[in-house]
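4 protein chains.
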Amino acid sequence: MRRSIDINVDAGESYGNWKMGNDQQVFASVTSVNLACGSHASDPVTMSASVEAAVSHGLSIGAHPGYPDLAGFGRRHLAMSGPDLFASVLFQLGALSAFTKLHRTAIRHVKAHGALYLHMMVDPATADAVASAVSSFDASLPIVILAGEGGELMRAAAQRHGLRTLREAFPDRSYLPNGQLTPRSHPDSLVLDPELVAERAVGMALHRTVDAVDGTEVPAEADTLCIHGDNQAAPEIAAAVRRALEQAGVDVGPPTHGT
Amino acid sequence: MRRSIDINVDAGESYGNWKMGNDQQVFASVTSVNLACGSHASDPVTMSASVEAAVSHGLSIGAHPGYPDLAGFGRRHLAMSGPDLFASVLFQLGALSAFTKLHRTAIRHVKAHGALYLHMMVDPATADAVASAVSSFDASLPIVILAGEGGELMRAAAQRHGLRTLREAFPDRSYLPNGQLTPRSHPDSLVLDPELVAERAVGMALHRTVDAVDGTEVPAEADTLCIHGDNQAAPEIAAAVRRALEQAGVDVGPPTHGT
Amino acid sequence: MRRSIDINVDAGESYGNWKMGNDQQVFASVTSVNLACGSHASDPVTMSASVEAAVSHGLSIGAHPGYPDLAGFGRRHLAMSGPDLFASVLFQLGALSAFTKLHRTAIRHVKAHGALYLHMMVDPATADAVASAVSSFDASLPIVILAGEGGELMRAAAQRHGLRTLREAFPDRSYLPNGQLTPRSHPDSLVLDPELVAERAVGMALHRTVDAVDGTEVPAEADTLCIHGDNQAAPEIAAAVRRALEQAGVDVGPPTHGT
Amino acid sequence: MRRSIDINVDAGESYGNWKMGNDQQVFASVTSVNLACGSHASDPVTMSASVEAAVSHGLSIGAHPGYPDLAGFGRRHLAMSGPDLFASVLFQLGALSAFTKLHRTAIRHVKAHGALYLHMMVDPATADAVASAVSSFDASLPIVILAGEGGELMRAAAQRHGLRTLREAFPDRSYLPNGQLTPRSHPDSLVLDPELVAERAVGMALHRTVDAVDGTEVPAEADTLCIHGDNQAAPEIAAAVRRALEQAGVDVGPPTHGT
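This is how it looks when you write it as structure tokens:
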């Protein structure tokens, strides 16, 4: 049976006069995109332009809500209460939806950003608030979770709220033996060599495992592979991953409806 | 022929730990409400709670977008470009719509806030950006404009974008002879006595005129009367206005679909 | 030997158009004030006006830095790195110092706000970053710590950076048996009856203990007693505390140089 | 008599995760630097690092306050009241001073940013608020004004508040015949060729005139020349300007105490 997989990238993360990422170049190689919603990054003009660019590249668009912390880029934990987080995620989805509607498309999935993504994988109240917000907004939207054991808590929360999930693996990030991502503070948290990232991506797609930092093999059945866009080499990495996957006979395309 | 008119109030203008207005008390006397959208005031939790309270009082809900300037409460001019303003208004409408959908209602009209409201009445580019944003979001939403001559520029912009308008008069604000509102910096910009506000409201509804600060009578055919909610006496004023209008035989109810 | 103690209040916590607290009324009864520095609350105009009001009441002025989180009023934990927190505290001290200089006075102590105050009492890296920032700004400024066991970690950090400390007790907050404050999420976290607060204040000043929520007596030698200003009854509570302390023969006055 | 002139650059304009400019490379060629103060750009960590870098290059440090509008990078007019602006500038100066003190240096001059710089040159109330704030903070700090006729209104405001001024010309910006800068919205507002910028800089230093966009020669006696740092070519431009000035026999050095 032929494997199929999505390649996603977080994008639309500029803010006002500050530009981030080479979105347009990365868009040429990926099949879906997670767009920041104005809380950890982005602004209304950037959101509109990013949706428009994604549409012009034929990408499937996901919302990418994060903690409302511009100064920290959503990468540091913020102890929001469940009701605060529920309302914040709903706010972000609503805001982005105005721009998908403007450009005659729609949000197709939701992927949380940064510290929120990591925290909802391990904290039941956070998992519940995020799942509840997505479900209240549109229960047909799958939510992206960590592939493997690391995503089980969030998968259960999604299921309780009637949501499907998309399992995500990170060929350009290293893993801990327990299947969680190595923290960004770790010196080896990033894999930077395009060919190595591409090789890891093919392994993830074909063998459904991830190599952890200590060399152990961690099971990780993935529906989508993430390429980090806030990286100078992102366009080259995305292209290498796409090429390697196609050469390995993997169907590369937007995420299916999840599981 | 019996007159009918709406009474509206700007509400949902708390922010985080800071509370503003006596929304619930004012809601008992008005028929529509304009809810802040998180840019000049409000936050996701406040937006959700405000929609819920409005629904429970049977009010017609409007979006109340303003300049993205929390520190200035949207009351000082911010020289946004047309594209920036267009995207900002769209962002605000989208964000609020997530909460009207959550509470099984919908946005029924749009009223700009503060300095944006005043500037769009006199500046063609601003009028165009706001009308275009509302029209892109939902061309069936009427937009609130200043009753009388002061609203003509905005009415024309609305019409160019296929929007209907609701003409608004302010019984608790004083007017200049040209039909514009007296600036808030003016010592007599506010009318504070509930009975005087009520009397002005009846005059507006029945005679379709406004008395200017210099005593001249300014024509002002209004579909809706605004009561300012950020005023300690707002509940009392709203109640006096409602009572006086009903005693004068005016039908008080949510705005019709505009003209 | 006669006891002496300071009564402090957190103030200057309005933001733009949003007002908080009855600062001027509370100022009549306290002897020192901790002024917000624009990160969890306050703005430049509020900072200037608050310093001016404090000077006119003869109060000793402290800086009240908090997490840079207006939306959360500095009351939720934000996982700032040590260098981020160090720089943020320094920024806040510098900003406030422009206004103390304008009004011909100076910052006399530093008291952290909300979640930062609580976190620095238990987290070594946070304690170190705050102490280091205060010491870099002006090593002669004492820093306020929790009286009793709860403040020991922070006292050690202060000492490492050459800072003196002022031990603080909270007659209007309840305590856990371990000497920490009961979290605000707890239904009995606040003591609201002015006479009861006053009685607790006298007990703290004379017997150097605090009654915990379970009735146990916790040792708490305090240099200063905090009255929460974001409370409708704050003026009445502050007056009751002042009166009771003076009637009990306690000298009420600004903090000494700490220990 | 030998001419002497300063070369200044606006720097420290990153924000959180968003980087701007090639500060370190430009610092090699300029003699003074204007550092953002956290309102239109920058954050506490960036402010500290920028002061440190400026010190290590032996630059004279100026404060660069702007409108409190991160989303607009301080480049759009914000209608602040005089008291709001006065307090905002003071706040910014105080905040930066904490970092100059940390790194054992001091603020040596003040240059307003973007829309505030332009507005204070033409609006008496704005000129007065800025001059008053600088004078209240430290009356020995010269304030940077537009060279030529365009700076006369601000020079008068500075003199009323006992401040000296540094006259600034912009070799990489084009001028209107009235001596004001061509608005950034104009297609020819920037001069991008390093050799042309260098040639204009030498003309400004030696002949004390500026060529306007229409070819007319505008008198502009300058104490300092600004190189824009938010430009990919800034390091090259700064180096070309420095080299050309030195080859022309001009003494390049930090601003004197102003006039």
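Chains as they are written, first to last, in our numbering: chain A, 24 to 282; chain B, 24 to 282; chain C, 24 to 282; chain D, 24 to 282.
Every residue gets a Cβ at the ideal spot worked out from N, C-alpha and C, and that includes glycine.
Given the structure is predicted, the values throughout are model-derived calculations rather than measurements.
Could you please give the first and the last residue of the uninterrupted alpha helix (DSSP H) stretch that includes residue i?
{"i": "residue 78/B", "result": "67-79"}
{"i": "residue 106/C", "result": "105-125"}
{"i": "residue 192/C", "result": "First-last for residue 192/C: 188-192, but that is the beta strand (DSSP E), not the alpha helix (DSSP H)."}
{"i": "residue 222/A", "result": "217-230"}
{"i": "residue 141/A", "result": "137-145"}
{"i": "residue 179/A", "result": "175-183"}
{"i": "residue 46/B", "result": "46-50"}
Between the Cα of residue i and those of the options, spot the shortest distance and give me the residue it belongs to.
{"i": "residue 41/D", "options": "121/A, 46/A, 173/A and 94/A", "result": "94/A"}
{"i": "residue 86/B", "options": "236/B, 70/B and 99/B", "result": "70/B"}
{"i": "residue 36/C", "options": "260/C, 80/C, 125/C and 136/C", "result": "136/C"}
{"i": "residue 44/B", "options": "112/B, 127/B, 254/B and 74/B", "result": "254/B"}
{"i": "residue 76/B", "options": "34/B, 201/B, 245/B and 225/B", "result": "34/B"}
{"i": "residue 160/A", "options": "79/A, 110/A, 282/A and 262/A", "result": "110/A"}
{"i": "residue 90/B", "options": "113/B, 277/B and 267/B", "result": "113/B"}
{"i": "residue 60/D", "options": "203/D, 271/D, 120/D and 78/D", "result": "120/D"}
{"i": "residue 158/C", "options": "227/C, 204/C, 97/C and 187/C", "result": "187/C"}
{"i": "residue 107/C", "options": "98/C, 140/C and 148/C", "result": "148/C"}
{"i": "residue 203/A", "options": "162/A, 144/A, 238/A and 258/A", "result": "144/A"}
{"i": "residue 51/C", "options": "257/C, 210/C, 273/C and 282/C", "result": "257/C"}
{"i": "residue 4/C", "options": "129/C, 134/C and 178/C", "result": "Coverage of chain C is limited to positions 24 through 282, which leaves residue 4/C absent and any answer about it impossible."}
{"i": "residue 129/D", "options": "82/D, 92/D and 142/D", "result": "82/D"}
{"i": "residue 223/D", "options": "207/D, 208/D and 240/D", "result": "240/D"}
If we call anything under 8 Å between Cβ atoms a contact, is residue i one with residue j?
{"i": "residue 248/D", "j": "residue 30/D", "result": "yes"}
{"i": "residue 68/C", "j": "residue 49/C", "result": "no"}
{"i": "residue 252/A", "j": "residue 66/A", "result": "no"}
{"i": "residue 192/B", "j": "residue 170/B", "result": "yes"}
{"i": "residue 261/D", "j": "residue 218/D", "result": "no"}
{"i": "residue 132/A", "j": "residue 189/A", "result": "yes"}
{"i": "residue 138/B", "j": "residue 184/B", "result": "no"}
{"i": "residue 233/C", "j": "residue 267/C", "result": "no"}
{"i": "residue 275/D", "j": "residue 54/D", "result": "yes"}
{"i": "residue 104/C", "j": "residue 88/C", "result": "no"}
{"i": "residue 118/C", "j": "residue 117/D", "result": "yes"}
{"i": "residue 278/A", "j": "residue 165/A", "result": "yes"}
{"i": "residue 84/C", "j": "residue 228/C", "result": "no"}
{"i": "residue 74/A", "j": "residue 58/A", "result": "yes"}
{"i": "residue 273/D", "j": "residue 26/D", "result": "yes"}
{"i": "residue 237/A", "j": "residue 200/A", "result": "yes"}
How would you write the range of the beta strand (DSSP E) that residue i sits in, first residue to last?
{"i": "residue 247/D", "result": "247-250"}
{"i": "residue 34/A", "result": "27-34"}
{"i": "residue 169/C", "result": "166-169"}
{"i": "residue 58/D", "result": "55-59"}
{"i": "residue 258/C", "result": "Per DSSP, residue 258/C belongs to no beta strand (DSSP E); it is in the alpha helix (DSSP H), 257-270."}
{"i": "residue 241/D", "result": "240-242"}
{"i": "residue 97/B", "result": "Per DSSP, residue 97/B belongs to no beta strand (DSSP E) and is neither H nor E."}
{"i": "residue 84/D", "result": "83-87"}
Please indicate yes or no: does the CB of residue i lie closer than 7 Å to some heavy atom of the ligand MG?
{"i": "residue 69/B", "result": "Among the ligands in the structure shown, none appear at all, so the ligand MG cannot be discussed."}
Taking contact to mean 3 or more Cβ pairs, one atom from each stretch, closer than 8 Å, check whether the stretch 189-205 of chain A and the stretch 214-228 of chain A are in contact.
Verdict: yes, contact present.
With 7 Å as the C-beta to C-beta threshold (strictly closer), list the residues of the stretch 98-127 of chain A near chain C in chain order.
Answer set for the stretch 98-127 of chain A: 99, 100, 101, 102 and 103.
Residues from the stretch 49-63 of chain C in contact with chain D, defined by Cβ distance under 7 Å
Within the stretch 49-63 of chain C, the qualifying residues are 61.
Stretch-stretch touch, CB-based, cutoff 8 Å, three pairs: the stretch 236-247 of chain C with the stretch 167-182 of chain C
The stretch 167-182 of chain C and the stretch 236-247 of chain C touch, with three or more beta-carbon pairs separated by less than 8 Å.
Under 8 Å, CB to CB, which of the residues in the stretch 83-99 of chain C have a partner in chain A?
Result list: 91, 92, 94, 95 and 99.
Examine the Cβ distances between the stretch 113-125 of chain C and the stretch 142-153 of chain C and report whether three or more of them are shorter than 8 Å.
Three or more beta-carbon pairs separated by less than 8 Å are not found between the stretch 113-125 of chain C and the stretch 142-153 of chain C, which leaves the two stretches without contact.
When Cβ atoms are compared, which residues of the stretch 141-167 of chain B fall closer than 8 Å to chain C?
Listed in sequence order: no entries.
Could you name the residues of the stretch 66-85 of chain A whose beta carbon sits closer than 7 Å to any beta carbon of chain D, in the order they occur along the chain?
Here the close residues are 66.
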